[in-house]
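Engineer: Let me give you the structure first, and then I'll get to my questions.
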Amino acid sequence: MQPFAPRDPRDADEVQIVPRPPEARLPSYIADHRRRLRDRFMAGGAAALPDYEMLELVLFRAIPRQDVKPLARLLIDTFGDFNRVLSAPPARLAQVKGVGDAVIVELKVVEAAAQRLARARIMQKHVISSWDQVLDYCHTVMAHRDTEQFRILFLDRKNVLIADEEQAKGTVDHVPVYPREVVKRALELNASALILVHNHPSGDPTPSEADIAMTAQIRIAAQALGITLHDHLIIGKSRELSFQAQGLL
């Protein structure tokens with residue numbers, strides 16, 4: 014009889030599972046605070062909570078074993094409000110003491126969810142009858158960015174939104190836009206009409222001379238190919254400006 018030979022410890026069948034040490038219990042005052050916060054949110058929704066407490070709810074998942082109120086207040090103080098915290102670039106968030114990858118991921122998931130929900134409310138919808146939702150979507154996606162972004166809403170012959178695309182990113186006060194590329198993309202999508210949208214990080218949606226000139230160039234290029242430019246929206250922090258409403262188209 015052959016003597017027993019121990020198996021190679023590298024054998025996959027012999028890999029030992031090391032039990033995780035038990036996690037420290039959350040102090041009762043923190044656990045109670047979190048429970049009260051969740052109860053208030055479920056009872057009254059977002060309106061029942063100030064920005065920093067809404068942020069606490071988000072941070073609970075990223076930092077499960079600490080009091081997150083100080084970090085929530087620090088983020089609000091740093092960026093201004095809940096929306097600006099969510100839309101802050103990851104590199105800027107990472108500069109805040111106490112913010113690691115887990116926090117950044119949670120914030121960006123919430124931001125992406127809000128944008129996806131707002132977008133779903135307008136895609137394949139008649140734009141004119143869904144105008145408030147269109148404005149809500151544009152504000153959700155663009156109002157709190159710290160650099161300019163240029164988007165185009167592409168519509169079919171019935172003014173149903175068939176595509177929404179970011180065309181360019183810029184600096185704090187400029188975004189490069191090329192009318193030829195705008196019209197080319199409209200033809201590729203078989204779009205019959207366009208709505209241009211860009212943001213002003215300053216918060217003031219007043220159009221610049223360059224905004225007005227660029228809009229005129231796109232309108233002329235589109236018109237030559239039978240494509241209608243319905244509007245150009247400039248999104249500020251809390252309000253928007255419509256070229257159509259201002260008589261600029």
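Position one of the sequence shown corresponds to residue 14 (our numbering), numbered consecutively onward. Think of the CB as a built atom: it goes at the ideal place given N, C-alpha and C, for glycine as much as any other residue. Owing to the predicted nature of the structure, the values given are computational and were not obtained by experimental measurement.
Considering only the alpha carbon of each residue, which of E161, H139 and D80 lies closest to V210?
Structural biologist: In the sequence shown, residue 210 corresponds to position 197, counting from 1. That would be E161, whose Cα lies nearest to the Cα of V210.
Engineer: List the residues that DSSP assigns as beta-bridge partners of R193.
Structural biologist: Indexing the sequence shown from 1 puts residue 193 at position 180. R193 pairs with nothing; no bridge assigned.
Engineer: Can you find the residues in the same chain that come closer than 7 Å, C-beta to C-beta, to P218, ignoring five residues on each side of it along the sequence?
Structural biologist: Position 205 of the sequence shown holds residue 218. So the list reads I247, I248, G249, R252, E253 and L254, once near-sequence residues are dropped.
Engineer: How many angstroms separate the CA atom of G183 from the CA atom of A226?
Structural biologist: For the purposes of this step, residue 183 is taken as residue 170 along the sequence shown, with counting starting at 1. For the purposes of this step, residue 226 is taken as residue 213 along the sequence shown, with counting starting at 1. Spanning the two alpha carbons is a distance of roughly 17 Å.
Engineer: Below 6 Å CB to CB, which residues in the same chain sit around A206 once its five sequence neighbours on both sides are set aside?
Structural biologist: Here the question's residue 206 lines up with position 193 in the sequence shown. Correct list, in chain order: L168, T241 and H243.
Engineer: Please list the terminal residues of the continuous alpha helix (DSSP H) segment that includes D52.
Structural biologist: Taking the first residue of the sequence shown as position 1, residue 52 is located at position 39. Residues S41 to G57.
Engineer: L238: which of A258, E201, V190 and I76 sits nearest, CA to CA?
Structural biologist: Counting from 1 along the sequence shown, the entry for residue 238 is found at position 225. Nearest C-alpha to L238: E201.
Engineer: In or out: L130 buried (at least 16 other Cβ within 10 Å) or exposed?
Structural biologist: For the purposes of this step, residue 130 is taken as the residue at position 117 of the sequence shown. Exposed, because fewer than 16 other Cβ atoms sit within 10 Å of the Cβ of L130.
Engineer: Just list the alpha helix (DSSP H) runs in the segment 101 to 189, keeping only unbroken ones of 4 residues or longer that don't cross its boundaries, in chain order.
Structural biologist: Whole alpha helix (DSSP H) segments, 4+ residues: 103 to 106, 114 to 133 and 144 to 155.
Engineer: Could you say which of A133, N172 and H187 lies nearest to T153 if we only look at CA atoms?
Structural biologist: What you label residue 153 is simply residue 140 of the sequence shown in a count that begins at 1. Considering only alpha carbons, the answer is A133.
Engineer: Where are the alpha helix (DSSP H) runs, 4 residues long or more, that stay fully inside the segment 186 to 253, in chain order?
Structural biologist: Counting only runs of 4 or more, we get 192 to 201 and 222 to 236.
Engineer: For A176, which residues in the same chain have their Cβ closer than 6 Å to its Cβ, ignoring the five residues on either side in sequence?
Structural biologist: Residue numbering aside, residue 176 sits at position 163 when the sequence shown is read from its first letter. Taken in chain order, the residues that qualify are F167 and L202.
Engineer: Can you tell which of I76, R97 and E179 has the C-alpha that lies nearest to the C-alpha of I43?
Structural biologist: Taking the sequence shown and counting its residues from 1, one reaches residue 43 at position 30. For I43, the nearest C-alpha among the options comes from I76.
Engineer: Taking Cβ positions, are G113 and L87 nearer each other than 8 Å?
Structural biologist: By 1-based counting over the sequence shown, the position of residue 113 is 100. By 1-based counting over the sequence shown, the position of residue 87 is 74. Contact flag unset, no.
Engineer: Flag this pair as touching only if the segment 94 to 104 and the segment 55 to 70 have three or more C-beta atom pairs under 8 Å; answer yes or no.
Structural biologist: In short, these stretches touch, since the Cβ pair count reaches three.
Engineer: For E36, count neighbouring C-beta atoms within 10 Å of its own C-beta (all shown protein chains included) and say buried if the count is 16 or more, exposed if not.
Structural biologist: Your numbering for residue 36 matches position 23 in the sequence shown. Per-residue confidence for E36 stands at a pLDDT of 48, beneath the threshold of 50, marking its modelled position as unreliable; the derived number appears in the next sentence. Exposed.
Engineer: Could you give the residue range of the alpha helix (DSSP H) that holds P83?
Structural biologist: The count along the sequence shown starts at 1 and reaches residue 83 at position 70. K82 to F92 is the span of the alpha helix (DSSP H), which, as asked, contains P83.
Engineer: Counting along the chain, where does the alpha helix (DSSP H) carrying F256 start and finish?
Structural biologist: Numbered from its first residue, the sequence shown carries residue 256 at position 243. Element bounds for F256: n/a, residue is neither H nor E.
Engineer: According to DSSP, simplified to helix, strand and coil, what is L62?
Structural biologist: Here residue 62 refers to the residue found at position 49 when the sequence shown is read from its first residue. Coil.
Engineer: Let me confirm a value: H187 is counted as buried when at least 16 other C-beta atoms fall within 10 Å, else exposed. Which label applies?
Structural biologist: By one-based count along the sequence shown, residue 187 stands at place 174. The residue is exposed, with fewer than 16 neighbouring Cβ atoms inside 10 Å.
Engineer: Just the Cα atoms here: how many angstroms apart are K82 and R47?
Structural biologist: Locating residue 82 in the sequence shown gives position 69, counting from the first residue. Locating residue 47 in the sequence shown gives position 34, counting from the first residue. Computed Cα separation, rounded: 10 Å.
Engineer: Is any non-hydrogen atom of the ligand HEM found closer than 7 Å to the C-beta of S143, if you look at the structure I gave you?
Structural biologist: With respect to small molecules bound, the structure shown includes none, and the ligand HEM cannot be examined in it.
Engineer: Of the choices D145, G93, V173 and T91, whose alpha-carbon is the least far from that of K138?
Structural biologist: Against the sequence shown, residue 138 aligns to sequence position 125. It is V173.
Engineer: Using a Cβ-Cβ cutoff of less than 8 Å, which residues in the same chain neighbour R232 once the five nearest sequence positions on both sides are dropped?
Structural biologist: For the purposes of this step, residue 232 is taken as the residue at position 219 of the sequence shown. Contacts found: L242 and L262.
Engineer: Can you check whether the CB of F54 is closer than 8 Å to the CB of L62?
Structural biologist: Locating residue 62 in the sequence shown gives position 49, where the first residue counts as 1. Locating residue 54 in the sequence shown gives position 41, where the first residue counts as 1. Yes, the pair counts as a contact, with Cβ atoms nearer than the cut-off.
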